[in-house]
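This report concerns only the one structure given below.
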Amino acid sequence: MTMEEAMRNRHTVRRYTDRRLPREILEPLEARVRRNNQEHGLAMSLVTENTEAFGPVWRLLLAKGVRNYVILAGGDRPGMDEAVGYCGADVMLYAQTLGLNSWWVGGTFRRKGLEKNAAPGAEKILGLLALGYGAAQGVPHRSRRPEDIAAYEGEAPEWFQKGVEALLLAPTALNKQAFILRGKGRRVSLRCDNGRFSGVDLGIGKYHFELGAGKERFDWA
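Mapping to our numbering: the sequence shown position 213 is 215, numbers consecutive.
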């Protein structure tokens, strides 16, 4: 499965089976997390066979079977939220290519549980990415229309249209998809207005747009 296929096939899954992640899955997944940390100066970490990310009520009602997750974190610095969103999206879709399901969690986690298991340098924890073998494969979320979020000066090229389609597949906090995308020639700008989740959602959105449009076809304004 390619990353593009993973992007189109991935849906949020909140309940997981008790099937353990085998070594042939864990090793490349850990390597992907490590590479993103090194390239973007983050402190994400993969935690396995651990139930401390949620309190007992959440584990019973919503997050059933969540025992494997990536802590989305880094140093408290400008631009870190966007970097976490961008790199978390990469890990999320890469996990899908390995046959795993996922759930991006931005606000319902148990902070003490994550702090206990976080990597050195995780000064700011922005959420977690639950991973595992889903009890189901999830369903598509409702998306906004392309014209609701995007505009191109002149006739939009195919790469721009594909980028918008990919952007609308991005998971965002509260499913708001609060994106404002503008294009002119090779220049593209993307903003996101979603309160405290804006930076993370912007990073997720940029990753998806790049994957759909092709990074070589445009420049961020």
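Each residue gets a CB set at the ideal place from its N, CA and C atoms; glycine is no exception. Nothing here was measured: the structure is a model prediction, and the numbers come from that model.
Whole-Å CB distance - Val86 paired with Gly205, under 8 angstroms assumed
6 angstroms
Would you mind listing the beta strand (DSSP E) stretches within the region 94 to 128 that are 3+ residues and don't spill past its ends, in chain order?
103 to 107
Quick check on Leu176: buried or exposed, where buried means 16 or more other Cβ atoms within 10 Å of its Cβ?
exposed
The alpha helix (DSSP H) with Gly205 in it runs from where to where?
Ser200 to Ala215
Classify Leu23 as helix, strand or coil using the three-state DSSP reduction.
coil
Might you give, ordered along the chain, the residues of its own chain that have their beta carbon closer than 8 angstroms to the beta carbon of Ser200, omitting 5 neighbours on each side?
Asp83, Ala180 and Cys194
Boundaries (first-last residue) of the alpha helix (DSSP H) holding Asn52
No alpha helix (DSSP H) contains Asn52, which DSSP labels as neither H nor E.
Cβ-Cβ distance between Gly214 and Glu167 below 8 angstroms
yes
Under 8 angstroms between C-beta atoms of Gly136 and Val15
yes
Using a threshold of 8 angstroms, state whether the C-beta atoms of Asn70 and Leu23 are closer than that.
yes
Roughly how many angstroms lie between the CA atoms of Trp60 and Asn103, to the nearest whole one?
19 angstroms
Through-space distance from Phe211 to Arg219, alpha-carbon basis:
11 angstroms
Nearest-angstrom Cα separation, counted from Asn39 out to Ala124:
11 angstroms
For Ile127 and Trp106, what's the separation of their Cα atoms in angstroms?
13 angstroms
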